[in-house]
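Enquirer: Residue numbering for the sequence shown follows the UniProt record's numbering, starting at 1 and increasing by one per position. Note that the Cβ used here is the ideal one computed from N, Cα and C, for glycine as well. None of these values were measured; they are calculated from a predicted model.
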Amino acid sequence: MTSPLLLGIDIGGTKIMACLYDSDLTLLAATSVPTPASEGGDAMIAAACAMGETLALDLGGESGSGLGATLTEAGKAWAETHAGETPNIAAIGVGAAGLIDSENGVVTAASDSFQGWAGYEVRSALQHWRDVPVAMENDVNAFLIAQMANRPQSEQRRSVLGLMLGTGVGGALWLNGGIFRGTGYSAGEIGHIPGFDDVPCTCGARGHLEGLAGGRGIARLWHEATGGDEDTREVGDLARSGDERALALWDQAGDSVAKAVAICQSLLDIDEVVIGGSVAKSWDLLEPAIRRGIEAYPVPIAREVAIAHADDGDDTVARGAAASARLLL
Numbered sequence: 001m002t003s004p005l006l007l008g009i010d011i012g013g014t015k016i017m018a019c020l021y022d023s024d025l026t027l028l029a030a031t032s033v034p035t036p037a038s039e040g041g042d043a044m045i046a047a048a049c050a051m052g053e054t055l056a057l058d059l060g061g062e063s064g065s066g067l068g069a070t071l072t073e074a075g076k077a078w079a080e081t082h083a084g085e086t087p088n089i090a091a092i093g094v095g096a097a098g099l100i101d102s103e104n105g106v107v108t109a110a111s112d113s114f115q116g117w118a119g120y121e122v123r124s125a126l127q128h129w130r131d132v133p134v135a136m137e138n139d140v141n142a143f144l145i146a147q148m149a150n151r152p153q154s155e156q157r158r159s160v161l162g163l164m165l166g167t168g169v170g171g172a173l174w175l176n177g178g179i180f181r182g183t184g185y186s187a188g189e190i191g192h193i194p195g196f197d198d199v200p201c202t203c204g205a206r207g208h209l210e211g212l213a214g215g216r217g218i219a220r221l222w223h224e225a226t227g228g229d230e231d232t233r234e235v236g237d238l239a240r241s242g243d244e245r246a247l248a249l250w251d252q253a254g255d256s257v258a259k260a261v262a263i264c265q266s267l268l269d270i271d272e273v274v275i276g277g278s279v280a281k282s283w284d285l286l287e288p289a290i291r292r293g294i295e296a297y298p299v300p301i302a303r304e305v306a307i308a309h310a311d312d313g314d315d316t317v318a319r320g321a322a323a324s325a326r327l328l329l
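The following block contains the structure:
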């Protein structure tokens, strides 16, 4: 039997990604497919299991997706070292959009882009495929776990806020050495905190952080100001070229994030904020605005907070889910 491997699965609104890791969270193999979100939970889990089979076959040198096409360089080296051995998937981790009951491995709520997902028992379904421990997390929790996993002791932080600035704004909390999920598994989700101007939010309310710092909100504000249909990345390019209206939107987004950080400092005495997502890919625009806001909204009783750009690779959510699964071994 080979050393235990971890299967990390990221179930998002547009794609499902499956990744195999060794016990040190080194990525060995990865693949993805479009999410069959309209076909229900059974279809999504079937797709994830099929990818898991493919990864294991490729890593074992059999005919999975085609001659090890899913393998990383580390995976090829692993396969060579363990030639003739059957890969041993010892635990599975899932990171998924929506509210997740991580204790029972159940989706408690999901957006209307998913059919038959709310209430779905993910852990039970996966254990019909492989009778191994299964960890399940909200995707933003998994993102933050990925940032904290394998950090040297000297770099560990006690209280960390994770922010995912993507289409919307997601949040997660790392307190006293682990994810804090809250009674309803929604702790840290600060995207819908009110008090941020009076702009419409994607949820239908007004004045939420997501309306100013989420990708959809930035694009909408740009359209209202200019009539243009550029996406957030293109608005970023315009800001770099000196467009004052685009620069103002990035300043506003960073300032809003800083206000949210000040709230969390006051409540939780956080000492680090880790920021990722598609909006944060324009870090050269966002970071200066956040730091200006941090200076403008000091919290006298709190320590200085570190601002970090996340290690935000394609497999981040899957890696964080795998790190959660590692704790079950």
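Thinking just about the alpha-carbon of each residue, which of LEU209, LEU285 and GLY13 is nearest to the one in GLU234?
Expert: Of LEU209, LEU285 and GLY13, the residue nearest in Cα terms is LEU285.
Enquirer: Between which residues of its own chain and ALA109 is the CB-CB distance below 8 Å, once the five residues before and five after are set aside?
Expert: GLY98, LEU99 and ALA118
Enquirer: What residue from ALA296, GLY254, ARG245 and ILE89 has the CA that sits closest to CYS49's CA?
Expert: ILE89
Enquirer: Just mark HIS208 as buried or exposed, buried being the case when its beta carbon has 16 or more other beta carbons within 10 Å.
Expert: buried
Enquirer: For the putative contact between ASP237 and GLY276, defined by C-beta atoms under 8 Å, what is the C-beta separation to the nearest angstrom?
Expert: In fact, because the Cβ distance is near 20 Å, the residues do not count as touching under 8 Å.
Enquirer: Please identify the residue among SER159, GLU85 and LYS15 whose C-alpha is closest to the C-alpha of residue 335.
Expert: Nothing can be reported for residue 335: it is not among the residues displayed for the chain, which extend from 1 to 329.
Enquirer: So which of GLY170, ILE301, ALA289 and GLU62 has the shortest CA-CA distance to GLU80?
Expert: GLU62
Enquirer: If we count Cβ pairs, one from each stretch, closer than 8 Å, do we get three or more for the region 262 to 274 versus the region 219 to 234?
Expert: no
Enquirer: Using 8 Å as the threshold, is the C-beta distance between THR31 and ALA18 below it?
Expert: yes
Enquirer: Exposed or buried, GLU189, counting other C-beta atoms within 10 Å across all chains shown (16 or more means buried)?
Expert: buried
Enquirer: My output table needs one value for GLU295: the three-state DSSP class, helix, strand or coil.
Expert: The DSSP-derived three-state label of GLU295 is helix.
Enquirer: Since VAL134 contacts GLY171 with CB under 8 Å, what's their CB separation in whole angstroms?
Expert: Contact between VAL134 and GLY171 does not hold, since their C-beta atoms are separated by about 24 Å, which reaches or exceeds 8 Å.
Enquirer: What residues are listed by DSSP as bridge partners for ALA4?
Expert: In the sequence as displayed, the identity of residue 4 is Pro instead of Ala. DSSP lists ASN88 as partners of PRO4.
Enquirer: What are the start and end residues of the beta strand (DSSP E) that includes SER32?
Expert: 27 to 34
Enquirer: Tell me, which residues are paired with GLY168 by DSSP?
Expert: DSSP lists no partner for GLY168.
Enquirer: Indicate the three-state DSSP secondary structure (helix, strand or coil) for THR202 in the structure shown.
Expert: coil
Enquirer: Helix, strand or coil for ASP10? Go by DSSP, reduced to three states.
Expert: Here ASP10 sits in strand by DSSP.
Enquirer: Assuming TYR21 and ALA322 are in contact, meaning their beta carbons sit under 8 Å apart, how far apart are those beta carbons, in whole angstroms?
Expert: 5 Å
Enquirer: Are three or more beta carbon pairs between the region 169 to 187 and the region 39 to 58 nearer than 8 Å?
Expert: no
Enquirer: Quick check: what's the CA-CA separation for GLY211 versus LYS76?
Expert: If I take the Cα positions, the gap works out to 44 Å.
Enquirer: List the whole-angstrom C-beta distance separating ALA325 from ILE145, where the pair is believed to meet the contact cut-off of C-beta under 8 Å.
Expert: Going by Cβ atoms, the distance from ALA325 to ILE145 rounds to 10 Å, so no, they are not a contact pair.
Enquirer: Quick check on ALA110: does DSSP put it in helix, strand or coil?
Expert: coil
Enquirer: Where GLU85 and LEU5 are concerned, what is the direct C-alpha to C-alpha distance, given to the nearest angstrom?
Expert: 13 Å
Enquirer: If I follow the unbroken alpha helix (DSSP H) through ASP101, where does it start and stop?
Expert: Taken as a continuous stretch (DSSP letters only), ASP101 belongs to no alpha helix (DSSP H), being part of the beta strand (DSSP E) at 99 to 101.
Enquirer: Taking the straight line between their C-alpha atoms, what separation do you get for SER111 and SER23?
Expert: If you take the alpha carbons of SER111 and SER23, they lie about 33 Å apart.
Enquirer: Under 6 Å Cβ to Cβ from MET164, same chain only, skipping five residues before and after it: list those, please.
Expert: VAL140, PHE143, GLY170, GLY276 and GLY277
Enquirer: Just verifying my parser: in three-state terms, what is the DSSP assignment at residue 331?
Expert: Since the first residue of the chain shown is 1 and the last is 329, residue 331 is not available in this structure.
Enquirer: Less than 8 Å between CB atoms is the rule here; does GLY182 satisfy it with respect to chain B?
Expert: Included in the structure is just one protein chain, with no chain B present.
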